[in-house]
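Structure record follows, encoded as structure tokens.
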Amino acid sequence: MTTDDNAEDREFEVIVWGASGFTGKLTAEYLLKRYGAGDDLRWAIAGRNQAKLEAVREDLSRETGVGTSELPILVGDGDDEAFLREMAGRTKVVCTTVGPYAKYGSKLVAACVASGTHYCDLTGEVQWMQRQIESHQDAAEQSGARIVFNCGFDCIPSDLGTLFVQREMQRRTGAPCCHVQLRVKGFSGAASGGTIASMLNMLEEAENDPSVMEAMNDPYALNPKGERTGPDRPERLTPSYDDDFGQWTAPFVMAGINTKVVRRSNALLGYEYGRDFRYDEAMLMGKGPLAIAKAVGVSGSSAAMMGGMAIGAIRRAVSGRLPAPGDGPAKDRREKGYFDLVLRGVSASGEVIRARVKGDRDPGYGSTSKMLGESAVCLARDELTVSGGLWTPASAMGEALLSRLPANAGVTFEIEDS
Ligand SMILES: NC(=O)c1ccc[n+]([C@@H]2O[C@H](COP(=O)([O-])OP(=O)(O)OC[C@H]3O[C@@H](n4cnc5c(N)ncnc54)[C@H](OP(=O)(O)O)[C@@H]3O)[C@@H](O)[C@H]2O)c1
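If you want the working numbering, it's the position in the sequence shown, counting the first as 1, plus 505.
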């Protein structure tokens, strides 16, 4: 039986798993404001601690002015397979913010796959995603579960931005872009304790297992097995002058995950962007001598930070001074935050399209919680053409999210010129 066969019988449309955490609570707040508590969307919050979840429910009611007494709470541990299976069986979609996913996420993916339940998350952990894809693809195809990783700032703006540019190029010329470049024009935001814990856990795993570093360095690590080749090389780690944008650039910290997901989307879309498709990301630093200094400074500090944190002793010494799990940027910082991305696509015949992707909140939390919430509702409600399997946001929900996000979530996609 597939999810769509039994979906109507399920008690909930969406369960937010990890609602007591920083991003989970924001995601619940978004769903509450947009869909109410049980009147429009049938949804629930879940986690491992009843008292914390009750406090979240009270806070949400006070902060939004929407009554939450009808919002159900489900309690269990992420290590308890029987509980996870039972929880997954009660809903069409599990939307999870329980991370680091490599530590806490595998049993939930297995439970959703087994019960034909759709799933979305915020992971950026390449090595973990690779393991999940290899373990569950066949079973997910059988059960009808659509498993979609990366439904936050990494990687929705990159993945859907590329799809958006590609579809416009196809519409205008009948051919795809053979090269898409994403450039970060600006953003304002900060990291939460959970994000830092996930990054530290990935570096910890890489120290003990060389295959983790191999996956992080392979541009095609997330492509289906047997299709892990193509024209792109590993991400550039140094500053460079970008002739196409007429500016200096520095490496973008999320490029390592975003680029792999965009390439996986191309493979899952049957190479709609072409077998020779190239994709890269960087941050724009401006023009002139000051911009060179800025590009060198940003590249150097990212390299020093990643290099230093890769060393266990430094990582352990520094981690106590970083935000702890549960902490994250304050409300005014999230509300004043934004992101502004420019995409440039070029076809084999030299036709150029420029597009802009913008978000009206900080990328990691204000905008991410809205993108994740809309992904969950999209999986629960929209007529999607794909069946069960492990998908990317663009390959599973592309056109549906390109409509939902501008309408509901303050994330816009616009063509700038021809
Ligand atoms: N892709 C993106 O753009 C993006 C953006 C934001 C966050 N993220 C990712 O999202 C994840 C969450 O980040 P965060 O800052 O929200 O983290 P957080 O505040 O630490 O929240 C983690 C949640 O996991 C729960 N949890 C931990 N162990 C559990 C277990 N054994 N069973 C059940 N629940 C358990 C915690 O429950 P308690 O409250 O009971 O401790 C809490 O609800 C991280 O992996 C982060 O990297 C990604």
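Glycine included, every Cβ here is placed at the ideal spot set by N, Cα and C.
Helix, strand or coil at residue i [DSSP, three-state]
i      : result
Ala619 : helix
Cys625 : strand
Gly751 : coil
Ser693 : strand
Leu774 : coil
Ser900 : helix
Glu575 : coil
Val653 : strand
Glu921 : strand
Gly552 : strand
Ala787 : strand
Leu742 : coil
Leu687 : strand
Val603 : coil
Glu580 : Correcting the residue type first, residue 580 is Val in the shown sequence and not Glu. Strand at Val580.
Thr507 : Below a pLDDT of 50, predicted positions are generally treated as unreliable, and Thr507, at 42, falls in that range; the measurement from the model is reported next regardless. The answer is coil: DSSP assigns Thr507 none of H, G, I, E or B.
Asp514 : helix
Start and end residues, beta strand (DSSP E) containing residue i
i      : result
Gly850 : Tyr843 to Ser852
Ile797 : Run containing Ile797: none in the beta strand (DSSP E); it sits in the alpha helix (DSSP H), Gly793 to Met814.
Ala912 : First-last for Ala912: undefined, no H or E at that position.
Arg595 : Neither: Arg595 is in no beta strand (DSSP E) and is coded neither H nor E.
Glu518 : Phe517 to Trp522
Arg959 : Residue 959 lies beyond the range of the chain shown here (506 to 923); nothing can be said about it.
Gly610 : Premise fails: Gly610 is in no beta strand (DSSP E) and is neither H nor E.
Residue i: first and last residue of the uninterrupted alpha helix (DSSP H) it sits in
i      : result
Arg636 : Val631 to Ser648
Thr678 : Ile661 to Thr678
Lys730 : Unbroken run through Lys730: none, as it is neither H nor E.
Ala822 : Gly817 to Ser824
Gly529 : Phe527 to Tyr540
Arg562 : Gln555 to Thr569
Ser892 : From DSSP, Ser892 is part of no alpha helix (DSSP H); its letter is neither H nor E.
Thr873 : Thr873 to Arg886
Glu702 : Reading the sequence as shown, one finds Ala at residue 702 and not Glu. Residues Gly698 to Asn713.
Own chain partners of residue i with C-beta closer than 8 Å, once the 5 adjacent residues on each side are dropped
i      : result
Asp514 : none
Leu537 : Leu565, Thr569, Val571, Thr573 and Leu576
Ala772 : Asn728, Pro729 and Glu732
Thr508 : Below a pLDDT of 50, predicted positions are generally treated as unreliable, and Thr508, at 42, falls in that range; the measurement from the model is reported next regardless. The residues are Lys597, Gly621, Thr622, His623, Ser648, Gly649, Ala650, Arg651 and Gly893.
Glu646 : Ser892, Gly893 and Gly894
Ser703 : Gly604, Pro605, Tyr606, Ala607, Thr628, Gly629 and Glu630
Asn913 : Arg539, Lys875 and Glu879
Same chain, Cβ closer than 6 Å to residue i, five either side skipped, listed in chain order
i      : result
Pro911 : Thr917
Leu774 : Ser900
Trp691 : Just to set this straight, residue 691 is Gly in the shown sequence, not Trp. Closer than 6 Å at the Cβ level, and outside the excluded window around Gly691, lie Asp845.
Asp714 : none
Ala549 : Phe517, Ile520, Pro577 and Leu579
Asp663 : Looking at the sequence provided, one finds Ser at residue 663 rather than Asp. So the qualifying residues of the chain are Leu687, Asn763 and Val767.
Ala885 : Glu518, Val519, Lys597 and Val598
Val717 : Gln632, Glu710 and Ala711
Ile638 : Leu895
Gly735 : Tyr725
Tyr540 : Leu546
Ala760 : Glu740 and Glu786
Asp737 : Pro724 and Arg783
Met506 : Its pLDDT being 37, under 50, Met506 is placed unreliably by the model, and the measurement read from it follows with that caveat. For Met506, where only same-chain residues beyond five positions count, there are no Cβ hits under 6 Å.
Asp887 : Ala905
Residues of its chain near residue i, where Cβ-Cβ distance is below 7 Å and the 5 sequence neighbours each way are ignored
i      : result
Gly666 : Leu687, Leu846, Leu848, Ala860, Val862 and Phe918
Gly779 : Pro681 and Cys683
Arg909 : Glu879 and Cys883
Gly523 : Gly529, Gly552, Thr601, Thr602 and Val603
Gly960 : Residue coverage of the chain in this structure runs from 506 to 923, which leaves residue 960 outside it and unanswerable.
Leu808 : Residue 808 is actually Ala in this sequence, not Leu. Taken in chain order, the residues that qualify are Leu742.
Asp832 : Phe527, Ser697 and Gly698
Residue i at chain C interface by Cβ criterion, 7 Å
i      : result
Ala881 : The displayed structure is made up of one protein chain only, and chain C is not part of it.
Rounded Cβ spacing between residue i and residue j (contact assumed at less than 8 Å)
i      : j      : result
Gly915 : Gly842 : The pair is not a contact, with the Cβ atoms about 11 Å apart (cut-off 8 Å).
Ala616 : Pro828 : Wrong, their Cβ atoms sit about 30 Å apart, outside the cutoff.
Gly694 : Met876 : So it is not a contact: roughly 14 Å between Cβ atoms.
Asp584 : Lys612 : 7 Å
Closer than 6 Å: residue i CB and nearest ligand 3 heavy atom
i      : result
Thr890 : With respect to ligand 3, the structure offers nothing, as its ligand set consists of ligand 1.
| task | Kindly confirm or deny that the region 785-805 and the region 737-756 touch, where touching means at least three C-beta pairs closer than 8 Å. | result | yes
| message | Quick test of the definition: if touching needs 3 or more C-beta pairs under 8 Å, does the region 726-745 touch the region 597-615? | response | no
| task | Would you be able to state if there are at least three C-beta pairs under 8 Å between the region 528-543 and the region 868-888? | result | yes
| query | Are the region 719-727 and the region 625-632 touching, with three or more C-beta to C-beta distances below 8 Å? | reply | Counting C-beta pairs closer than 8 Å gives three or more between the region 719-727 and the region 625-632, which meets the contact rule.
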